[in-house]
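Asks:
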Amino acid sequence: MTWSPHPGDLPGDPADRGTAGDGAHRGATGPRLGRRLSTLRASDLGSRHGLVVDVIGLVVEATGLKAEVGEVCLIHTGRSREPLQAEVVGFRSGRTLLMPLGELTGVAPGTTVSGTGQPFRVATGDALLGRVVDGLGAPLDGMTPPTGPPRSTIAPPPDPLSRPRITERLGLGVRAMDALVPCGVGQRIGIFAGSGVGKSSLLGMIARSSSADINVIALVGERGREVREFVERDLGEALERSVVVCATSDQPALVRIRAAYTATAIAEHFRDQGRRVVLMMDSVTRFAMAQREVGLAIGEPPATRGYTPSVFAALPKLLERSGTAPSGSITGLYTVLVDGDDMNEPIADAVRSILDGHVVLSRELAHRNHYPAIDVLQSVSRLVGEVTTPEDRAAAGLVRGLMADYKAREDLIAIGAYQAGTDPRTDAAIAMRDGIEAFLRQAPDDRSTVADADGGLHALAAAAFADAPEAVVA
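Residues in the sequence shown are numbered from 15 upward in steps of one, following our numbering.
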């Protein structure tokens with residue numbers, strides 16, 4: 015772009031001459047020229063347009079484009095197609111690297127790319143309640159596109175010292191969790207399990223029965239077949255107070271990543287209104303896998319099990335956005351699909367270190383038709399001391415102790431090698447086993463409250479004390 019002088023900008027220009035040639039123009043020229051030069055310096059004269067020069071795998075390379083990391087750009091494919099949205103993910107050798115938010119059909123060398131100057135934004139508001147949208151906030155339910163105040167999907171977490179302490183208990187509607195792995199309002203809990211162990215059914219139970227105001231559910235990398243099943247069977251009537259954000263496994267990696275951020279931004283909108291929100295994400299592992307695809311595509315070196323460094327940098331940025339805030343709260347429930355049922359694989363280990371507790375679903379319990387398949391002895395809530403009473407903790411500790419005693423001698427009991435009367439605690443554990451298992455089992459449509467869970471827990475503790483007081487004291 016070149017700049018040419020405007021009439022009146024240069025000394026001696028006829029537009030600046032006084033009527034009598036008395037030199038009046040000399041006093042007016044300086045300020046006017048200064049104002050125009052200041053405007054020129056403040057203007058963004060960088061090119062907002064560029065051209066596609068390469069497409070390598072998932073990455074579009076453009077030249078001549080001035081854009082920032084995270085900015086949304088439009089690739090004008092022509093042929094009556096809508097412009098393809100793409101996000102700037104990096105730079106290499108003077109070229110801008112973009113990841114498409116859709117299919118690359120129609121992109122060719124020389125295709126025009128223009129920057130929007132804005133990060134990706136999604137519509138928010140109460141109009142989203144009862145809706146199912148994709149990872150970019152577009153409707154999947156055949157209804158009109160949601161309207162509401164737009165909100166950037168990227169935001170910093172609340173300031174640490176502005177977060178109120180967690181002291182209030184949140185009922186999840188699952189007896190095993192409410193009694194033995196209690197959750198506070200604003201707590202973040204991970205649900206760790208292999209494939210096919212009942213994570214989606216457990217999330218549906220929580221969505222239907224929790225005492226939260228709003229549910230925001232992110233299905234990241236989910237099978238397309240299971241989306242409708244989850245909405246109609248697992249979620250059911252709870253859809254009226256829920257928002258479902260879905261990006262199936264066939265969607266581009268960046269759309270799957272964006273689905274997690276979109277759901278979090280929607281939850282933050284309701285949180286800022288002072289509401290208690292439950293954010294459920296299934297699953298963090300597929301978010302991490304999508305982030306790995308992006309990292310490898312732009313040339314990041316693979317690290318642990320092929321995951322790139324950006325994966326482990328993105329996890330805390332996503333997970334720390336939930337929790338308490340000066341107004342409202344987001345209680346986060348994040349499922350982790352563990353590789354080969356290995357609870358110490360890299361993503362599971364990283365997520366567990368960030369969250370405030372973890373619930374482990376056991377394939378062994380699922381094989382025994384014990385649902386929800388929660389392994390209580392491997393599950394921990396780090397805020398149990400903040401949200402429960404000493405009496406509740408004592409009862410929970412007694413029941414956990416009986417379960418641990420039975421587990422330690424299960425093989426001896428199974429082969430008949432244990433003799434009754436050898437150990438009073440083991441005798442009490444054997445006597446209470448059926449009662450404890452019946453308490454921990456729960457049908458998907460069985461509603462439970464915190465009061466029900468605490469009442470059943472105290473009843474188990476009282477029964478154990480009545481049958482074997484010496485074992486309980488010991």
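Ideal Cβ placement from N, Cα and C applies to all residues, glycine included.
In this text, all values refer to a predicted model and were calculated from it rather than measured experimentally.
Using a Cβ distance threshold of 8 Å, determine whether the segment 123–137 contacts the segment 77–84, with at least three qualifying pairs required.
Replies: The answer is yes - the segment 77–84 touches the segment 123–137, with three or more Cβ pairs under 8 Å.
Asks: If you follow the alpha helix (DSSP H) that Glu400 is part of, which residue opens it and which one closes it?
Replies: Segment 398–401, the alpha helix (DSSP H) holding Glu400.
Asks: Under 7 Å Cβ to Cβ from Ile168, same chain only, skipping five residues before and after it: list those, please.
Replies: So the qualifying residues of the chain are Gly84, Pro133, Tyr275.
Asks: As an exercise, report each continuous beta strand (DSSP E) stretch of at least 3 residues that is fully enclosed by the segment 174–258, in chain order.
Replies: Complete beta strand (DSSP E) runs here, min 3: 202–207, 228–236.
Asks: With burial defined as no fewer than 16 other Cβ atoms inside 10 Å of the residue's Cβ, what is the status of Gly202: buried or exposed?
Replies: Contrary to the premise, residue 202 reads as Arg rather than Gly in this sequence. Burial call: buried.
Asks: Rounded to the nearest angstrom, how far is the Cβ of Val66 from that of Val74, given a contact under 8 Å?
Replies: That pair is a contact at about 6 Å.
Asks: What is the DSSP secondary structure of Met295, reduced to helix, strand or coil?
Replies: Strand at Met295.
Asks: Report the residue from Leu426, Val390, Arg396 whose alpha carbon sits nearest the alpha carbon of Leu416.
Replies: It is Val390 whose Cα lies nearest to the Cα of Leu416.
Asks: As a quick exercise: from Phe244, Ala279, Gly250, Glu251, pick the residue whose alpha carbon is nearest that of Thr262.
Replies: Taking only the C-alpha atoms, the option nearest Thr262 is Phe244.
Asks: Would you tell me roughly how many angstroms separate the C-alpha atoms of Arg145 and Ala221, rounded to the nearest one?
Replies: Whole-angstrom Cα-Cα distance: 15 Å.
Asks: At the 9 Å Cβ level, is Ala387 part of the contact set with chain B, yes or no?
Replies: Any reference to chain B falls outside this structure, which holds one protein chain only.
Asks: With DSSP as the reference, identify every bridge partner of Phe105, one or two as the case may be.
Replies: Answer is Thr110, bridged to Phe105.
Asks: Quick check: the Cα distance between Ala273 and Thr436, rounded to an integer number of angstroms?
Replies: Cα-Cα distance, rounded: 56 Å.
Asks: Helix, strand or coil: how does DSSP classify Gln132 here?
Replies: In this structure, Gln132 counts as strand in the three-state DSSP scheme.
Asks: Can we count Pro174 as close to the ligand NAP, meaning its CB is less than 8 Å from some heavy atom?
Replies: With respect to the ligand NAP, the structure offers nothing, as it holds no ligand at all.
Asks: Give the straight-line distance between the Cα atoms of Ala442 and Ala409, rounded to the nearest whole angstrom.
Replies: Straight-line Cα distance between these residues: approximately 15 Å.
Asks: Could I get the ranges of all uninterrupted alpha helix (DSSP H) runs contained in the segment 284–345, with 4 residues as the minimum, in chain order?
Replies: Runs found: 298–311, 323–333.
Asks: When you compare each of Pro114, Ala434, Met446, Ile429 to Arg270 by their alpha carbons, which one comes out closest?
Replies: Of the listed residues, the one whose Cα sits closest to Arg270 is Pro114.
Asks: Report the option in Ala327, Glu240, Ser341 whose CA atom is closest to the CA atom of Gly288.
Replies: Nearest C-alpha to Gly288: Ser341.
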